[in-house]
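Colleague:
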Ligand code: BES
Ligand code: MN
Ligand code: ZN
């Protein structure tokens, strides 16, 4: 999709469709009023006779309205003018696209940028609009043989800004919004691919391709023999159960000063999680191809940063394996030695995410990181605790936790903190090794984070459990691309802080 910004009056736009807001109850936005005046009150007449109340989700498409230059006008209900939340702003944009994609219009001028959202400026609105529009249009058809493109697809959105003063801000917002949105789509594509296509080697190929695509990206792929040398006995114990070789990908984006400590992201890349010998039940097991959504979000985020050529250093680490019950697979009761030297008693082979993350987190220390954030579809317990709305957030450094909570609020891709208290640590004690890989009954998301915390003592660290938010189930089954938007907001906020402190 092409996006631009422009300032100009709505009745003068020679274009496929002009989109304007109507508030509940039956109140025209400033641009709607201008159009209404041009056509001698035709719009207000329609509204008076009850065609549109202005509620969220409502819309009304008009054709060939007199004294305007556009082919169509789309009125979009935006709810109460004084009470438009960030999530409703996204819904308004989705409603717009769901109507337009079947309208025949290809070029659109949106005046929804004038809709007031508390504490949010034009930059925010443009970025949210782009994410919402692209999300509404996203399809994963790569593996369908019958791929008919729509006859007249949407091609271009022009966001209206008020005057020249906003043009520059608007253009920056478009650039950022498009990069973030492309990162989200990449994360979705990788995650939607089935386990027989998207294997650890596939992810490695993708990471190597990124190096070719972006000059400031350097990719290293550790093979099993390399990991053996580093002593990553925990990660390797998971990949033993599969015919696919496990890998560890390290993707370094160096946009800033070489000496600047990087932000390191670590993404769980289990390309299929059968549970291993502690086999999962059959129902919905196909969804375990999404167990690499953490990895996908790291790759999506790095691409967006490289696309924007941000002046920072960012590293993505992706431990990637398949969790299968082959003959050599780890068994409950097995004890392995992690790269950190700590021994782990594996009481459940289905708690494999933490087994691969712990070695990747130990490896992360070599970058002398500013902060480390891991992203993982780690526990079913997180879905029970928080459902599909926020990601679970735990960590060892309050400023980092607060930055992520704030970035979640701003982006709409939210997270919620759970307590990482020492009280929970004893649930992980083992009779036979330094630590057990499961924490027994109660607080499964927290005990999983407690396990990781034993490997992150050397740096500031946060953990995002995205088991509930990374994909949707049911009829609209598919990856959401979360939390790319959250991570990009965190990065852009950090960048803004560092430039304003100079
Ligand atoms: N990948 C799963 C977590 C998961 C489950 C994500 C359902 C999304 C939906 C993870 O590897 C796993 O199996 N975790 C176990 C841990 C348990 C054995 C302590 C779980 O949550 O049941
Ligand atoms: Mn598992
Ligand atoms: Zn898993």
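Residue numbers (my numbering): 2 to 503. Ideal Cβ positions, reconstructed from N, Cα and C, are used throughout, including at glycine. These numbers were taken from a predicted model, which means no experiment stands behind them.
1. For residue 159, which residues of its own chain have a beta-carbon under 6 Å away from its beta-carbon, when the five flanking residues on both sides are left out?
2. Does the contact criterion of 3 or more C-beta pairs under 8 Å hold for the segment 457-475 versus the segment 389-398?
3. Does the distance from the C-beta atom of residue 440 to that of residue 434 stay below 9 Å?
4. So residue 250 packs on residue 198, CB below 8 Å; how close in whole Å?
5. Take residue 380 as the anchor and find which of 128, 145 and 353 has the nearest alpha-carbon.
6. Near residue 157, which residues of its chain fall below 6 Å by C-beta distance, leaving aside the five closest residues on each side in sequence?
7. Among the residues of its own chain, which have a CB less than 6 Å from the CB of residue 347, if the five just before and after it don't count?
8. In angstroms, rounded to a whole number, what distance separates the CA positions of residue 195 and residue 290?
9. What number of angstroms, rounded off, separates the C-alpha of residue 476 from the C-alpha of residue 201?
10. For the ligand BES, I want to know if residue 288 counts as a neighbour, meaning its beta carbon is within less than 8 Å of at least one of the ligand's heavy atoms.
11. Alpha carbon to alpha carbon, how far is residue 90 from residue 118?
12. Give the single residue among 31, 46, 412 and 64 whose Cα lies nearest to the Cα of residue 82.
13. On a Cα-Cα basis, can you pick out the residue from 283, 360 and 213 that is closest to residue 234?
14. Can you give me the Cβ contacts of residue 316 inside the same chain, cut-off strictly under 6 Å, excluding the 5 residues immediately before and after it?
15. What did DSSP end up calling residue 108 once you bin it into helix, strand or coil?
16. Who are residue 460's beta bridge partners in DSSP?
17. Of all the alpha helix (DSSP H) runs that stay within the bounds of the segment 206-290, which reach a length of 4 or more residues?
18. Secondary structure at residue 66, three-state DSSP: helix, strand or coil?
19. Say the cut is 8 Å; is the CB of residue 45 nearer than that to a heavy atom of the ligand BES?
20. Nearest-angstrom Cα distance between residue 59 and residue 131?
21. Mind pulling the beta strand (DSSP E) runs of 3 or more residues that sit fully within the segment 329-414?
Modeller: The short version:
1. Residue numbering aside, residue 159 sits at position 158 when the chain shown is read from its first letter. Excluding residues within five positions, the ones whose Cβ falls inside 6 Å are 5, 7 and 110.
2. yes
3. Looking up residue 440 in the chain shown gives position 439. Looking up residue 434 in the chain shown gives position 433. Result no, Cβ atoms of residue 440 and residue 434 do not sit closer than 9 Å.
4. Here residue 250 refers to the residue found at position 249 when the chain shown is read from its first residue. Here residue 198 refers to the residue found at position 197 when the chain shown is read from its first residue. About 17 Å separates the two Cβ atoms, so there is no contact after all.
5. As a first step, residue 380 must be located in the chain shown, where it is residue number 379. Of the candidates 128, 145 and 353, the one whose C-alpha sits nearest the C-alpha of residue 380 is 353.
6. As a first step, residue 157 is located in the chain shown; it is residue number 156 there, counting from the start. Taken in chain order, the residues that qualify are 3 and 108.
7. Taking the chain shown and counting its residues from 1, one reaches residue 347 at position 346. Correct list, in chain order: 331, 335 and 438.
8. Taking the chain shown and counting its residues from 1, one reaches residue 195 at position 194. Taking the chain shown and counting its residues from 1, one reaches residue 290 at position 289. Distance between the alpha carbons of residue 195 and residue 290: 6 Å.
9. Working through the chain shown from its first residue, we reach residue 476 at position 475. Working through the chain shown from its first residue, we reach residue 201 at position 200. For residue 476 and residue 201, the distance between alpha carbons rounds to 28 Å.
10. Stepping through the chain shown from its first residue, residue 288 is reached at position 287. Checking every heavy atom of the ligand BES against the Cβ of residue 288, one is found closer than 8 Å.
11. To locate residue 90, count along the chain shown from 1; it is residue 89. To locate residue 118, count along the chain shown from 1; it is residue 117. Approximately 7 Å between the Cα atoms of the pair.
12. Start at 1 with the first residue of the chain shown, and residue 82 comes out as number 81. Nearest of 31, 46, 412 and 64 to residue 82, Cα basis: 31.
13. Position 233 of the chain shown, counting from 1, holds the residue named residue 234. Minimum Cα distance to residue 234 is reached at 360.
14. Sequence index remark: in the chain shown, residue 316 carries index 315 (1-based). 253, 263, 265 and 368.
15. Looking up residue 108 in the chain shown gives position 107. Three-state result, residue 108: strand.
16. Looking up residue 460 in the chain shown gives position 459. BP columns for residue 460 are empty, so no partner.
17. 225-231 and 234-240
18. One-based indexing of the chain shown puts residue 66 at position 65. DSSP places residue 66 in coil when its eight states are reduced to three.
19. Position 44 of the chain shown holds residue 45. Residue 45: no, Cβ never under 8 Å from the ligand BES.
20. In the chain shown, the residue the question calls residue 59 occupies position 58. In the chain shown, the residue the question calls residue 131 occupies position 130. Their Cα atoms are separated by approximately 20 Å.
21. 336-338, 344-346, 372-377 and 392-396
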